[in-house]
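Student: Per the numbering used here, the sequence shown runs over residues 1365 to 1641. We treat Cβ as the ideally placed atom computed from N, Cα and C, and that holds for glycine. All values reported here derive from a predicted model rather than from experimental measurement. Just dropping this structure here.
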Amino acid sequence: MSNSVAGWQGVVSVWGRWLLAVLVLSSQWAAARANDSVDGLLIASGVDAQMSVFEKMVQGTLTQNPALEEEQRAVLQHIAMESFRSDVIYRYVRAAVAEALQPGDRETLSLWYSSPLGQRITTLELKGLEADAFAAMKAAAEALAADQERMAAAARLDALTQASGLGMALQQRAMLANYMAEAIAANPDAPVDTTALEAQLQQHRETMQQLIQQQTLLSLAFTYRELPLEKIASYESFLSTSASRRFQQGVQDGLLRGVDVVLEGWEGELREFYRGD
């Protein structure tokens, strides 16, 4: 089962393809225009349309797993599509945000994101989701990395949005999903022993964190490359508000709870398939 972890560097590379989407999730969640309901917040920010990010990450790990035969890979990818349901994850995000927000938070978010700068930032973040964004970021990586001021701003934004931390948490869960598929295929009735996975993750944790943070900073610098530095500073000030911090924390907590729930569903679906139920 070591193949599921041995190629972890390739998996992190696959993760990079979805990094811009996760960055938009973390920043838009932190910055959504307020409404009379949490659903309104999430819909107005476009977050409801981004709930498939984790499923795409899992699909990427399955694609990169050399231990899978093509027929088996196709079946697992179909099960993943059925298991990692966006609507389930969304419910947990919505509940966590509702719990996190305090009176006045929605008004604070609304004032900021109805402003010209708030709208501009949202536009830039959505552009980061376009089909050619990842290739464009790779092409611009050297120039972005050489811009010390913008990389410093990206580091501050990362600290405020917790984007690289969220990325690491999601990447580990995507790798767990891949590992579970191999373990259950080998013995559908046995509990999944994650000891080997945890040991290898621990061995490579520092390098993985560095790679993900590097990609995160480049992605942030790329997303806001058209924004003057003084405007980025204004955005940083907003992200530092208590309302924004509560919103970010609530959304990220909800996302990870939702992902953990759909991982349980994934395990059940895998067992049914390999038992022939």
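1) Classify residue 1551 as buried or exposed, calling it buried when 16 or more other Cβ atoms lie within 10 Å of its own Cβ.
2) Let's test the definition: count the other Cβ atoms within 10 Å of the Cβ of residue 1593 and tell me whether it reaches 16, buried, or not, exposed.
3) Which stretch, first to last residue, makes up the alpha helix (DSSP H) that contains residue 1480?
4) In angstroms with no decimal places, state the Cα-to-Cα distance between residue 1631 and residue 1545.
5) Three-state secondary structure (DSSP) at residue 1556?
6) Please state whether DSSP places residue 1611 in a helix, a strand or coil.
7) Helix, strand or coil for residue 1529? Go by DSSP, reduced to three states.
8) Just confirm the distance between the C-beta atoms of residue 1644 and residue 1426, as a whole number of angstroms; I'd bet it's less than 8 Å.
9) Here's a check: name, in chain order, each residue in its chain whose Cβ is nearer than 7 Å to the Cβ of residue 1536, leaving out the five neighbours to either side.
10) Cα-Cα, which of 1574, 1609, 1636 is closest to residue 1470?
11) Compare the Cα-Cα distances from residue 1556 to each of 1569, 1568, 1542 and report the closest residue.
12) Less than 7 Å between the C-beta atoms of residue 1457 and residue 1629, yes or no?
13) Rounded to whole angstroms, what is the Cα-Cα separation between residue 1591 and residue 1466?
14) Under 7 Å, do residue 1576 and residue 1528 count as touching if we go by C-beta distance?
15) Would the stretch 1504-1519 and the stretch 1565-1574 be scored as touching if the rule is three or more Cβ pairs under 8 Å?
Tutor: Judging by the given coordinates:
1) By the beta-carbon neighbour count (other beta carbons within 10 angstroms, threshold 16), residue 1551 is exposed.
2) So residue 1593 ends up on the exposed side.
3) Residues 1480-1491.
4) So the two alpha carbons sit approximately 8 Å from each other.
5) For residue 1556, the secondary structure class from DSSP, reduced to helix, strand or coil, is coil.
6) Three-state result, residue 1611: helix.
7) In the three-state reduction of the DSSP assignment, residue 1529 falls in the helix class, which pools H, G and I.
8) Any property of residue 1644 remains undetermined from this structure, which presents the chain solely from 1365 to 1641.
9) Hits under 7 Å: 1565.
10) With distances taken between Cα atoms, residue 1470 lies closest to 1609.
11) Residue 1542 is the option with its Cα nearest to residue 1556.
12) Taking 7 Å as the Cβ cut-off, residue 1457 and residue 1629 do not qualify as a contacting pair.
13) One C-alpha to the other measures close to 30 Å.
14) Yes, the Cβ-Cβ distance between residue 1576 and residue 1528 is below 7 Å.
15) The way I'd put it, the stretch 1504-1519 doesn't touch the stretch 1565-1574; fewer than three beta-carbon pairs between them come closer than 8 Å.
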